[in-house]
Amino acid sequence: MGMKLIIDLAKCKPQEESGVQCSYKHHPLNKGFDSLMELIRFALICRRCEVAPCVNACPQGALEKVPSEKGGLMDKMLLVSTGPRGVLGKVPKDNFHTDIIKRANMLCTGCGSCAIACPFGTIYTDLIQFPSSECDLCKGRLEPGEKPLCVTSCEDGSLDYQDVHADDGTEEVLEDIVVKLPGSGLWEPFLKNK
Amino acid sequence: MRLPSEVPEKYRGKPEFDLETCVGCGACVNVCPTPGCLSMEDDFEATPPVRRITHRYDACISCGNCEANCTTETGISLSNELDPAVLNREDTIETHEYELQFCEKCGELIGTKKHLIWLYEKLGALAYTNPSLLIAKSNELHKESQEVGQQPSGRDVQTSDFMRILCPKCKYELNIRL
Ligand code: SF4
Ligand code: SF4
Ligand code: SF4
Ligand code: SF4
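Protein chains in written order, with our numbering: chain H, 4 to 197; chain S, 153 to 330.
As structure tokens, then:
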């Protein structure tokens, strides 16, 4: 147990509207929240291509597939991936590739090739800017009881920082980062004009 | 020109763009450590809209970062030129232009046209997963017959968007909503 950042995807608005800020000290660009979104997109909406165009496109070898310990995530995706026409795709479990794409941001030059190459729009250039930022969950920088800057600055009410267990409506996509899965359909929060 | 001595092959002289293979992605601009040396600007007002990448040799420290990180490997490389003195400082500035590609759905910038074509070639058979790359390549091959009405088509996704060059967000939209 420990403090976790909880993201309610259904409420999440673009940074210009939510005003979310980041206090990660190694970058001046206030883009830590984008790096979180990048990780979440890779974990949740990336199609996990068997032969991945993004990996093949990257000239720096900065993208690789790493085995995910969160194999159970895929079951949940099937449950919640309901669109207007019902459950989206019943793929047999064995057909899922559980490897998740990871970008080595020290190798990445921000060339944008992966964003152009991905057939599904998983990544876009705003999320992979150079220099990269990284959310470190403000570890070691918070007073007892204090919440990270993103939580206190975000105006759309999508962020919280609490000591919780991931349960049925939530998923710990990454260590200490918990996402509230929207009931309406997992893909929807990522649409432009949702 | 008389040189003081033989120039070793690996001498890090003036960086030169290879305009055949440089695709204008801007990675070199990102990794250049020297303020003002390599810079990039997207000019949406020009006809056609272009990206301009500018190199100022007077600021260059010949570190070789640009060459080492070039997306196409040969887009920029440090030449053997060791005596690039000029009388006029302006002569150390060179600018190259690359035509931009916009999303044919929402009008957002995707990258340079050359970058899409380079990806088509690099990905080989995998490019067939991605109509945007195929159309970009085909547009290049048939420059004269490009008038297929590819203006931004507005907000709602429609089946014909599968045959447009799309930005990542519109690709996602199309894949989910249709
Ligand atoms: S933006 Fe980074 S990760 Fe993507 S292709 Fe370029 S170097 Fe690779
Ligand atoms: S980011 Fe795109 S190309 Fe890469 S594995 Fe995911 S869906 Fe496939
Ligand atoms: S990284 Fe290479 S291909 Fe990209 S703009 Fe620079 S020289 Fe051109
Ligand atoms: S050699 Fe170094 S300083 Fe010169 S243009 Fe390349 S990256 Fe910039």
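Positions of the beta carbon are idealized from the N, C-alpha and C atoms, including for glycine. All values derive from a computational prediction rather than experimental measurement.
Asked: Below-9 Å beta-carbon distance, residue 182 of chain S vs any chain H residue; Found: yes
Asked: Member of S:212, S:164, S:293 and S:310 whose CA lies at the smallest distance from the CA of residue 244 of chain S; Found: S:212
Asked: Alpha carbon of residue 6 of chain H to alpha carbon of residue 151 of chain H, nearest angstrom; Found: 11 Å
Asked: Partner residues on chain S for residue 54 of chain H, Cβ-Cβ distance less than 7 Å; Found: 278
Asked: Residues that DSSP places opposite residue 134 of chain H in a beta bridge; Found: Note: residue 134 of chain H sits in no beta bridge, so no partner.
Asked: DSSP state of residue 269 of chain S mapped onto helix, strand, coil; Found: helix
Asked: Contact test: residue 332 of chain S Cβ vs ligand 4 heavy atom, cutoff 8 Å; Found: Because chain S in this structure spans residues 153 to 330, residue 332 of chain S falls outside the shown range and cannot be described.
Asked: Separation of residue 125 of chain H from residue 61 of chain H, as counted between CA atoms; Found: 15 Å
Asked: Min CB distance residue 324 of chain S to chain H below 9 Å; Found: yes
Asked: Residue 37 of chain H, DSSP secondary structure in three states; Found: helix
Asked: Three-state secondary structure (DSSP) of residue 193 of chain S; Found: strand
Asked: First through last residue of the beta strand (DSSP E) which encompasses residue 206 of chain S; Found: 202 to 208
Asked: Contacting residues, own chain, Cβ-Cβ under 7 Å from residue 288 of chain S (five flanking each side not counted); Found: 253, 265, 268, 269, 272 and 317
Asked: DSSP three-state assignment for residue 62 of chain H, whether helix, strand or coil; Found: coil
Asked: C-beta atoms of residue 111 of chain H and residue 25 of chain H nearer than 9 Å; Found: no
Asked: Span of the beta strand (DSSP E), counted from its first residue to its last, around residue 54 of chain H; Found: It is not in any beta strand (DSSP E) - residue 54 of chain H carries neither H nor E in the DSSP assignment.
Asked: Any non-hydrogen atom of ligand 2 within 8 Å of residue 114 of chain H CB; Found: no
Asked: Contact check, residue 199 of chain H vs residue 46 of chain H, beta carbons under 9 Å; Found: Only positions 4 to 197 of chain H appear in the structure, and residue 199 of chain H is not among them; the question remains open.
Asked: Classification of residue 132 of chain H by the beta-carbon crowding that lies within 10 angstroms, buried from 16 upward; Found: buried
Asked: Residue 6 of chain H, DSSP secondary structure in three states; Found: strand
Asked: Close-in-space but distant-in-sequence residues of the same chain around residue 210 of chain S (CB under 7 Å, 5 per side omitted); Found: 241 and 244
Asked: Separation of residue 290 of chain S from residue 234 of chain S, as counted between CA atoms; Found: 42 Å
Asked: 9 Å Cβ cutoff, residue 320 of chain S in contact with chain H; Found: yes
Asked: Residue 317 of chain S in three-state terms, based on DSSP; Found: coil
Asked: Inter-stretch contact (C-beta, 8 Å, three-pair minimum) for the stretch 162 to 175 of chain S and the stretch 30 to 46 of chain H; Found: no
Asked: Range covered by the beta strand (DSSP E) that runs through residue 167 of chain S; Found: 167 to 169
Asked: Buried or exposed by the 16-neighbour rule on C-beta atoms within 10 Å, applied to residue 330 of chain S; Found: exposed
Asked: Contacts of residue 126 of chain H in chain S (Cβ-Cβ under 7 Å); Found: 320
Asked: Residue 160 of chain S versus residue 231 of chain S - alpha carbon distance; Found: 11 Å
Asked: C-alpha distance - residue 127 of chain H paired with residue 237 of chain S, whole-angstrom precision; Found: 42 Å
Asked: Paired residues, beta bridge with residue 229 of chain S - DSSP; Found: S:168
Asked: Nearest to residue 309 of chain S (by Cα), restricted to the options S:328, S:294 and S:185; Found: S:328
Asked: C-beta contact flag for residue 285 of chain S and residue 120 of chain H at 9 Å; Found: yes
Asked: Spatial distance of residue 118 of chain H from residue 49 of chain H (CA atoms); Found: 12 Å
Asked: Cβ of residue 46 of chain H within 9 Å of any chain C Cβ; Found: Protein chains H and S are contained in the structure displayed, whereas chain C is not.
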